[in-house]
Every structure is written in C-alpha cells, then in structure tokens.
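Report on one structure; see the data block that follows.
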Amino acid sequence: MVRIALDPTPYNDSVHLLDFPELVARLGYEHLQLTPNPDFGRHFHYPKLDDAMIAELKKRAKDAGVTITSILPVQRISWPDEPQREAAVRNMRRYIEVAAELGVPMINTEFSGRPEREEESEAGFYRSMDELLPVLEREGITLNIDPHPDDFVEDGLEAWRIIRGLNSRQVGFVYVASHTFHYGDRATTLLPEIGDRLGAVYTADSFDHNRSHGLRYISNPPGNTVRIHQHSAIGDGDVDWQELFGVLAKTGYLDRDDALIVSNVFGEDERADEVSKYQVQKIRELIDKARA
Numbered sequence: 001m002v003r004i005a006l007d008p009t010p011y012n013d014s015v016h017l018l019d020f021p022e023l024v025a026r027l028g029y030e031h032l033q034l035t036p037n038p039d040f041g042r043h044f045h046y047p048k049l050d051d052a053m054i055a056e057l058k059k060r061a062k063d064a065g066v067t068i069t070s071i072l073p074v075q076r077i078s079w080p081d082e083p084q085r086e087a088a089v090r091n092m093r094r095y096i097e098v099a100a101e102l103g104v105p106m107i108n109t110e111f112s113g114r115p116e117r118e119e120e121s122e123a124g125f126y127r128s129m130d131e132l133l134p135v136l137e138r139e140g141i142t143l144n145i146d147p148h149p150d151d152f153v154e155d156g157l158e159a160w161r162i163i164r165g166l167n168s169r170q171v172g173f174v175y176v177a178s179h180t181f182h183y184g185d186r187a188t189t190l191l192p193e194i195g196d197r198l199g200a201v202y203t204a205d206s207f208d209h210n211r212s213h214g215l216r217y218i219s220n221p222p223g224n225t226v227r228i229h230q231h232s233a234i235g236d237g238d239v240d241w242q243e244l245f246g247v248l249a250k251t252g253y254l255d256r257d258d259a260l261i262v263s264n265v266f267g268e269d270e271r272a273d274e275v276s277k278y279q280v281q282k283i284r285e286l287i288d289k290a291r292a
C-alpha cells in the first residue's frame, strides 16, 4: 500500500512540532515526514530534540493515528570545505540516531555541495559517506538523496551514478517532481534505471525553465547562475503527472509496501489547508488511474 505523507513546512510558523501529527490527521493524511523546523532542527544545524521531546512526539503520533515515515534534515555532507563538512557529518550522525529513536526507517536529504566546485564536492560526499555508512548500517536506516537545483550535481542520471558508486543498499534516490526539469526531464528512462533504489517521490508542480528559448524566467544580469523552480500544487505547472505516475506503476513502485509519496507544496502558505487536502486527493487519483 502506497503511503502518502505531508511535508508540514508551510505550518512551521504557526504549528508546534508536537502538534504536527494531529494537524496532518485533520488534513486527511495518515503519514508525516518531519522536515527542518525550529524545534526539530534547521537547515545545516544540529537537531534540537532531546529524549523527552522524542518520546512525546511518538506519543502524539500514536494518539493521532499517524505514522512518521521519514525525516528530512538538510546538511552540507558534500561541502568542499572541511569545517562545514565535518559539522554536517556530526549533525547527520545525530539525525540518524533520532530517526532510530523515533522508529523511522528512512532519512531523505540532499547532497548539499557547490556546483562551481564539483570535483571537491563529490570528493567531500564520499568522505562523508565513509563515516556515515557504518552508522546507517548499525541503525538500519536508509538514506535517500535528491540532487537539488544549485547542488554540485543536478542531473538525475549523474546523481544516480554517484549514489550507485557507493555500492551500498543503505543509500537510495529521492525523486522530486518539482526538480524534474533540472534533472533533465527524463523520468521515463531515469526511474527504470534507479529501479528498487527509488526511496521516495515528492509531489509538487513546477514550470519548465527551459521553455521559450530559456526565457521563461528573466533574471538580471543576463547569464547569472540562479536556479529557479516552484513547489506548486499538482496541475499548476508543467510536470507531466500522467507520465510520472505511469512510470511509477510500470516500474512496480506503486505496488511496494514501502513506497512513499510526499506532498511538499511550499508556495501556497496562505491556503495551506486547502492545498494539502487537494494534494492528498489528487495523489490518490493519480495512483488509481496509473494502476488502472
């Protein structure tokens, strides 16, 4: 049974971490992905939960009938400079422990290197994984990675090659639909190659920045290195959802008991409840249609 989880980022300023399970249940979800939050841990910072908060969060989730499927810490594990990379490894090691204490089998993250220092970032990634793989194996946690726009690797196929090079089934791939056009818009060929190493799929829409001769978006000065994408509601962008879910069905992902699809719309905070309810309904429709 495919699990559909909510990324509660739009509620970070209005809902306490411990109230997230009740929130997602009210919005029609049975699953929750914990993402950077002041009480959980911000981007690039050490996690802020202690044993008491972890125990209370587990209790709140159980009371709400919600499963915490995964956590999403963002750490500079591929950073080309050693102080930041070493801090990221220390932080990630603690996040792995937190995941184990929460009974969460999956961590989803990003490479978090620098595109202008690609070679050094890749080397930093492998150094970090030399340290983290034994911890992941000991705790039984799977780490899935997204090649985020403005990372040292953005192309989906090249990112899969880097993950594959680790030669470890403890590490897999996160396919973020709103990053499709930075990946190379290659879902039909990339996802079959990743196969059962696909750990999670995120569902939000985005416009194709390559259209209109690369002038879909104009930023000045011309030729600067900004990356632009959205995390909009399904149907509000250019992602081919029928194609994506068709490939997920064809590759068997939708039949996996551990399949995870996360709604992560970030650009609609003023109507977050409405969009969150729409997303879970739309994801279910896409799953049913792809299976049919």
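Under full-length UniProt numbering, read the sequence shown as residues 1 to 292, first letter to last. Virtual Cβ for every residue (Gly too), placed ideally from N, Cα, C.
Nonlocal neighbours in the same chain, by C-beta distance under 7 Å from residue i, ignoring five residues either side
i	result
Pro149	His179, His182, Arg227 and His229
Ile194	Trp160 and Phe173
Ser219	Val226
residue 295	Since the first residue shown for the chain is 1 and the last is 292, residue 295 is missing from the structure and cannot be characterised.
residue 304	Limits of the chain in this structure are 1 at one end and 292 at the other, which puts residue 304 out of reach.
Glu243	Ala187 and Thr188
Ala259	Val2, Arg3 and Tyr253
Glu158	none
Per DSSP, the bridge partner or partners of residue i
i	result
Gly41	Asn37
His31	Ala5 and Thr67
Asp255	For Asp255, which the question treats as bridged, DSSP gives no partner whatsoever.
Ala200	Val174
Leu260	Arg3
Asp81	None, per the DSSP bridge assignment.
Asp205	Ser232
Sequence-distant residues of its chain with Cβ nearer than 8 Å to residue i (five each side left out)
i	result
Val239	Ala177, Ser178, Thr180, Asp205 and Ser206
Thr246	The question names Thr, yet the displayed sequence has Gly at residue 246. Counting only Cβ-Cβ distances below 8 Å, and skipping sequence neighbours, we find Ala290.
Lys250	Pro192
Leu32	Ala5, Leu6, Pro8, Phe20, Pro21, Val24, Ala61, Val66, Thr67, Ile68 and Thr69
Met53	Leu17, Leu18 and Asp39
Ala88	Phe44, Gln75, Arg76, Ile77, Trp79, Ser112 and Ser128
Asp257	Met1
Nearest-angstrom beta carbon gap, residue j and residue i [assumed within contact, 8 Å]
i	j	result
Asn108	Ala200	5 Å
Leu27	Lys58	Contact flag wrong, Cβ pair sits at about 20 Å.
Ser168	Leu133	6 Å
Met106	Leu166	No, Met106 and Leu166 are not in contact; Cβ-Cβ is about 16 Å, not under 8 Å.
Ile96	Arg85	Actually they do not touch by this definition, with Cβ atoms about 16 Å apart.
Ala99	Ile141	5 Å
Val104	Tyr202	Going by Cβ atoms, the distance from Val104 to Tyr202 rounds to 17 Å, so no, they are not a contact pair.
Cutoff 6 Å; reference residue i; Cβ partners in own chain excluding five residues on either side
i	result
Gly184	Asp155 and Gly156
Asn37	Asn12 and Leu17
Lys282	Ile234
Val171	Leu143 and Ile163
Arg93	Val135
Thr35	Asp7, Thr9 and Leu72
* To do: Could you pull out every unbroken alpha helix (DSSP H) segment of at least 4 residues lying fully inside the segment 105–186, listed in chain order?
  => Annotation: the segment 105–186 contains the following complete segments of the alpha helix (DSSP H) (minimum length 4 residues), in chain order: 118–139, 156–164 and 180–183.
* Asked: Taking contact to mean at least 3 C-beta pairs separated by less than 8 Å, is the segment 108–122 in contact with the segment 55–65?
  -> No, the segment 108–122 is not in contact with the segment 55–65.
* Asked: Mind pulling the alpha helix (DSSP H) runs of 4 or more residues that sit fully within the segment 208–282?
  -> The segment 208–282 contains these whole alpha helix (DSSP H) runs: 211–214 and 241–250.
* To do: Flag this pair as touching only if the segment 43–53 and the segment 115–134 have three or more C-beta atom pairs under 8 Å; answer yes or no.
  => Contact between the segment 43–53 and the segment 115–134 is absent: fewer than three C-beta pairs spanning the two stretches fall below 8 Å.
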